[in-house]
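Read the structure below first, then the notes.
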Amino acid sequence: MFRVVCRRLWVNRRCQAGINCRFEVTQRFFTSEDSPIEAEGYRDLQVLTRHQKQQYERLGYLVVPDVFSKDHIEQMRKDSRKLKQTNHLFVLDRQHTENKPILLRLRCISNHSKIFLDTICDAKLVEITSDLIGPSVRYINQEKVNLKPPESSTSVIRWHQDWAFFPYTNDSLVTVCIAIDDSTKENGCLQVIPRSHKGPLYSHFQDNAFISAITDPALDSNSAVHVEVPAGGVSFHHGFTVHGSSANMSRHYRRMLCFNYSSADNWPLIGVGGHEFTNHGPVDWERYCSTVVKGKPSLFPRMQALPVSIPIPFDSGYDIYEHSKSSDDGMMYVYDYKM
Numbered sequence: 158m159f160r161v162v163c164r165r166l167w168v169n170r171r172c173q174a175g176i177n178c179r180f181e182v183t184q185r186f187f188t189s190e191d192s193p194i195e196a197e198g199y200r201d202l203q204v205l206t207r208h209q210k211q212q213y214e215r216l217g218y219l220v221v222p223d224v225f226s227k228d229h230i231e232q233m234r235k236d237s238r239k240l241k242q243t244n245h246l247f248v249l250d251r252q253h254t255e256n257k258p259i260l261l262r263l264r265c266i267s268n269h270s271k272i273f274l275d276t277i278c279d280a281k282l283v284e285i286t287s288d289l290i291g292p293s294v295r296y297i298n299q300e301k302v303n304l305k306p307p308e309s310s311t312s313v314i315r316w317h318q319d320w321a322f323f324p325y326t327n328d329s330l331v332t333v334c335i336a337i338d339d340s341t342k343e344n345g346c347l348q349v350i351p352r353s354h355k356g357p358l359y360s361h362f363q364d365n366a367f368i369s370a371i372t373d374p375a376l377d378s379n380s381a382v383h384v385e386v387p388a389g390g391v392s393f394h395h396g397f398t399v400h401g402s403s404a405n406m407s408r409h410y411r412r413m414l415c416f417n418y419s420s421a422d423n424w425p426l427i428g429v430g431g432h433e434f435t436n437h438g439p440v441d442w443e444r445y446c447s448t449v450v451k452g453k454p455s456l457f458p459r460m461q462a463l464p465v466s467i468p469i470p471f472d473s474g475y476d477i478y479e480h481s482k483s484s485d486d487g488m489m490y491v492y493d494y495k496m
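Here our numbering is used: the first residue of the sequence shown is 158, the next is one more, and so on.
Now the structure itself:
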């Protein structure tokens, strides 16, 4: 289609302006960003536009509004309020008391709610993800609802890269954040550093222990942007994209369902994680296959030459809130709030 349009334009201009204009338009045809050769990679898009995919590839993140209906989001809100306390499901704020409960996170909520499981497997969401990372898709079975309570310093999420938590054989790994409430600057929306998905992989270690946050003084966060998402919308960011979030300055919780998809030819280097909520797991083919939501798993993982790190010690887990409780919030790598 692009080739035909350009030829018609060339003919019309030639008839009206002669040979000089002919050369100019022909030259533009061969140097355009939307040339047929470059358009080849966008031919099979099912949901996203070419512009949307190009933004994701260029900046390392994308927002797609209105992926879920108001009724669907309202059911997610209702179910998130029904859950009862268990030691493994709830992550509590350090200031939590029986008289003043402060809940930070709901882990593995799809085990307890059909609407959340349906959300993870939603056909439109999976197709959008497939547009980003390829025809076969699986989810990492460790979803969580970040509740972002108001007036909680612990709900600040420090700068980090998801790739540091989940080393794989290739970088077709995307983090999905579904806004259950409007996510705004005021209530501590996601912030990302555009183009940071192009590298490097920063250190997330302190005294040779993984602490779920970037400790490298070389990190420059001055170019960070706020990623506001209306309820029902979804943000997507690359596994290498540096991101974090600030405190919630509003009066209400800001709920967001977060989890990861990977391509189904992408093998986890430290085992197949699950609802144990650890960043390692068994070498378990059946577990791996059980979370494929589109296409088929590959027996031949696609390998890329990428930097990886091993998030040890494994027995300490990797919950970013738990690490925040036990580390020094005054260190230079703690995320600094800005409006």
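A virtual CB, placed ideally from N, CA and C, is assigned to each residue, including glycine.
Since the model is a prediction, treat every value here as computed from it, not as a measurement.
Short of 8 Å from the beta carbon of Pro307, and not among the five residues preceding or following it, lie these beta carbons of its own chain, in chain order: Asn344, Asn405, Met406, Ser407, Arg408, His409, Tyr410. Rounded to the nearest angstrom, the gap between the Cα atoms of His354 and Trp320 is 10 Å. Remark: fewer than three beta-carbon pairs, one from each stretch, lie closer than 8 Å, so the region 292 to 299 and the region 376 to 390 are not flagged as touching. The way I'd put it, the region 199 to 207 doesn't touch the region 336 to 350; fewer than three beta-carbon pairs between them come closer than 8 Å. DSSP places Lys355 in no alpha helix (DSSP H); its state is neither H nor E. Within the same chain, Cβ atoms closer than 7 Å to the Cβ of Ser380 are found at Ile350, Pro351, the five residues on either side in sequence being excluded. Per DSSP, the continuous alpha helix (DSSP H) segment holding His229 begins and ends at 227 to 239. In the three-state scheme derived from DSSP, where H, G and I count as helix and E and B as strand, Val382 is classed as strand. Under the three-pair Cβ rule at 8 Å, the region 459 to 467 counts as touching the region 326 to 336.
Taking C-beta atoms under 8 Å as the contact rule, Arg264 and Thr311 fail to qualify, at a distance of about 16 Å. Separation of Asn256 and Asp422 (C-alpha to C-alpha, rounded to the nearest whole angstrom) is 48 Å. With fewer than 16 other CB atoms across the displayed protein chains lying within 10 angstroms of its CB, Val382 is exposed. Asn303 is a Cβ neighbour of Met413, given a cutoff of 8 Å. Scanning the region 249 to 333 from its first residue to its last, the whole alpha helix (DSSP H) runs of 4-plus residues come out as 271 to 277, 280 to 290.
Looking at the backbone, the Cα of Leu274 and that of Cys446 are separated by about 16 Å. Cβ contact annotation for Gly430 (same chain, cutoff 8 Å, sequence separation greater than five): Ile297, Asn298, Gln299, Phe323, Asn436, His437, Gly438, in chain order.
For Phe434, the three-state secondary structure derived from DSSP is coil. Shown here, Gln212 sits in a helix according to DSSP, grouped into three states. Counting along the chain, Tyr445 sits inside the alpha helix (DSSP H) bounded by residues 442 to 446. Of the residues assessed, Ala370 falls on the buried side of the cut-off, its CB having 16 or more other CB atoms within 10 angstroms.
In the DSSP secondary-structure assignment, Val221 is bridged to Val391. Beta-bridge partners of Cys415 (DSSP): Lys301, Cys334.
The C-alpha of Arg444 is placed about 30 Å away from the C-alpha of Ser360.
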